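Chemist: In the numbering used here, the protein residues as written are 28 to 338.
We put the CB at the ideal spot given by N, CA and C, even for glycine.
These figures come from a predicted structure and were not determined experimentally.
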Amino acid sequence: MTNTNAVIETQDLHKVYPSWRTRLNLAPAVPALKGVSLRVERGEIFGLIGANGAGKTSLVKILLGISRPTSGAARLLGGVPGDGAIRRRVGYLPESMRVQDHLRAESLLHLMGRLNSVPSSILRRRIPELLEQVGLAGVKKPVKEFSKGMNQRLGLAQALINDPELLFLDEPTDGLDPLGRKEVRDLLTRLRSEGKTVFLNSHLLSEIEMVCDRIMILHRGEVARTGSPEEFTRGAGEVVIRLTAVSEAVRAAAAGVAVVAWQATALRFTPRDQAHLNEMIDRLRAASADIEAIEPVKESLEQFFLKVVAA
Ligand SMILES: Nc1ncnc2c1ncn2[C@@H]1O[C@H](COP(=O)(O)OP(=O)(O)O)[C@@H](O)[C@H]1O
Ligand SMILES: [Mg+2]
28 MTNTNAVIET QDLHKVYPSW RTRLNLAPAV PALKGVSLRV ERGEIFGLIG ANGAGKTSLV
88 KILLGISRPT SGAARLLGGV PGDGAIRRRV GYLPESMRVQ DHLRAESLLH LMGRLNSVPS
148 SILRRRIPEL LEQVGLAGVK KPVKEFSKGM NQRLGLAQAL INDPELLFLD EPTDGLDPLG
208 RKEVRDLLTR LRSEGKTVFL NSHLLSEIEM VCDRIMILHR GEVARTGSPE EFTRGAGEVV
268 IRLTAVSEAV RAAAAGVAVV AWQATALRFT PRDQAHLNEM IDRLRAASAD IEAIEPVKES
328 LEQFFLKVVA A
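1. Cα separation between E275 and R269?
2. Measure the Cβ-Cβ separation of R115 and N178 and say whether it is below 9 Å.
3. Determine the extent of the beta strand (DSSP E) in which P323 is found, giving its start and end residues.
4. Would you report the Cα separation of Q160 and R208, rounded to the nearest angstrom?
5. What is the residue span of the alpha helix (DSSP H) that T49 lies within?
6. Any chance the CB of L227 is under 8 Å from a heavy atom of ligand 1?
7. Shorter than 8 Å, the distance from the beta carbon of L138 to the closest heavy atom of ligand 1, or not?
8. From L40 to L183, what does the alpha carbon distance come to, in whole angstroms?
9. Y44: beta carbon under 8 Å from a heavy atom of ligand 1?
10. Taking the CB atoms as reference points, tell me whether E335 and A251 lie closer together than 9 Å.
11. Buried or exposed, going by whether 16 or more other CB atoms sit within 10 Å of the CB of S360?
12. Pick helix, strand or coil for D201, following the three-state DSSP scheme.
13. Comparing C-alpha positions only, which one of H303, S147, G162 and A316 sits nearest to A293?
14. Mind checking whether L91 and V63 have CB atoms under 9 Å apart?
15. Could you check if T200 belongs to the surroundings of ligand 2, using beta carbon to heavy atom distance under 8 Å?
16. For G74 versus A59, is the C-beta distance shorter than 9 Å?
17. For S147 versus H137, is the C-beta spacing smaller than 9 Å?
18. Return helix, strand or coil for E257, following the three-state DSSP convention.
19. Contact between the segment 215 to 235 and the segment 189 to 202 is defined here as three or more beta-carbon pairs at a separation below 8 Å; is this criterion met?
20. Taking 8 Å as the cut-off, is the beta-carbon of V250 closer than that to any non-hydrogen atom of ligand 1?
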């Protein structure tokens, strides 16, 4: 591990949870992480996805210094996870932050800020800003009366209380309605534009697809894929050709070029190459077809993910 520009860097992380059953040789130890190496650059929104039990929380806990790897190494902001000075530059929204508190959001954030060693003078300015950013400005009721969505917004404000350079978010849009999810996405892209790095973990794949720069698929403790949403949703080369109308002559022309699937006046097929696609267009035009549009068929991140984890 030589490059210190990476905000997060891990090398061959392994995590095995010992249990009394494995200690007594009653069962083999089940590894949660099996050699995870990753790199997250400054200013990225990095998405971690994987099925339940894939090892996502285990990985995040190691990065936060809450848990130690069985073997392998991790570096965070040029230091080691768990170091107090590093931890103060990191924000964390845990998966289920539940605060049953009689305090109001403002007071609770002040308390949390003080616990994070943020000076009161800074908090007096920052807390109203944060409440505004997460859409809780003017909310006066005690936190224990908050809805799930309001709790989630408060959790985000709490994660940002120390103005962190690196933000870990476990399911940040859980419990939010579509408008709330959009607000969170906007907040994350704003943080990115300020040069902050976001490490995001969500099972809402459409959210991940919309906001992340890079995505890692964790599968049974291993890195299955790392790539951009564009790479993952590019599809398999299938195209759809939309016509204004379809005749028997057009159908016959298309069938002469490739195996096609018709859906009303649109045909789908997978050209071997560009020449094959052009041949299709020539034949359709020769049969007097009126072409409205030609579009690549994209995949959703969910479709891609399901294919990867089924393999
Ligand atoms: N504290 C623990 N003790 C024993 N096994 C654990 C512990 N935490 C997680 N595991 C196991 O490690 C695997 C990965 O879990 P986890 O990291 O929570 O996955 P995810 O967050 O992707 O759902 C699972 O098989 C889980 O049962
Ligand atoms: Mg988890």
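Modeler: According to the structure shown:
1. Locating residue 275 in the sequence shown gives position 248, counting from the first residue. Locating residue 269 in the sequence shown gives position 242, counting from the first residue. When rounded, the distance between both Cα atoms is 16 Å.
2. Position 88 of the sequence shown, counted from the start, is the residue given in the question as residue 115. Position 151 of the sequence shown, counted from the start, is the residue given in the question as residue 178. Contact flag unset, no.
3. Mapped onto the sequence shown, residue 323 falls at position 296. Segment I318 to P323, the beta strand (DSSP E) holding P323.
4. Along the sequence shown, one-based indexing puts residue 160 at 133. Along the sequence shown, one-based indexing puts residue 208 at 181. When rounded, the distance between both Cα atoms is 13 Å.
5. Taking the first residue of the sequence shown as 1, we reach residue 49 at position 22. T49 -> alpha helix (DSSP H) spans W47 to R50.
6. Within the sequence shown, numbered from 1, the residue matching residue 227 stands at position 200. Because no heavy atom of ligand 1 lies under 8 Å away, the Cβ of L227 does not count as near it: no.
7. Position 111 of the sequence shown, counting from 1, holds the residue named residue 138. Residue side-chain check: L138 keeps its Cβ at 8 Å or more from all non-hydrogen atoms of ligand 1.
8. Residue 40 sits at position 13 when you count from the first residue of the sequence shown. Residue 183 sits at position 156 when you count from the first residue of the sequence shown. Near 28 Å, if we compare the C-alpha coordinates of L183 and L40.
9. Walking along the sequence shown from the start, residue 44 turns up at place 17. Yes, Cβ of Y44 sits closer than 8 Å to a heavy atom of ligand 1.
10. Counted from its first residue, the sequence shown places residue 335 at position 308. Counted from its first residue, the sequence shown places residue 251 at position 224. One detail in the question is off: residue 335 reads as Val in this sequence, not Glu. Cβ atoms of V335 and A251: closer than 9 Å.
11. Here the chain covers residues 28 to 338 and nothing more, so residue 360 does not appear.
12. Indexing the sequence shown from 1 puts residue 201 at position 174. Collapsing the DSSP output to three states places D201 in coil.
13. On the sequence shown, residue 293 is found 266 positions in, with the first residue counted as 1. Answer by Cα proximity: A316.
14. Reading the sequence shown from its first residue, position 64 is the one you call residue 91. Reading the sequence shown from its first residue, position 36 is the one you call residue 63. No, the pair does not count as a contact, with Cβ atoms beyond the cut-off.
15. Locating residue 200 in the sequence shown gives position 173, where the first residue counts as 1. Not under cutoff, so the answer is no.
16. Counting from one through the sequence shown, the residue named residue 74 turns up at place 47. Counting from one through the sequence shown, the residue named residue 59 turns up at place 32. No.
17. For the purposes of this step, residue 147 is taken as the residue at position 120 of the sequence shown. For the purposes of this step, residue 137 is taken as the residue at position 110 of the sequence shown. If you check the CB distance, S147 and H137 come in under 9 Å.
18. In the sequence shown, counting from the first residue as 1, residue 257 sits at position 230. It is helical.
19. yes
20. In the sequence shown, counting from the first residue as 1, residue 250 sits at position 223. No, Cβ of V250 sits at least 8 Å from all heavy atoms of ligand 1.
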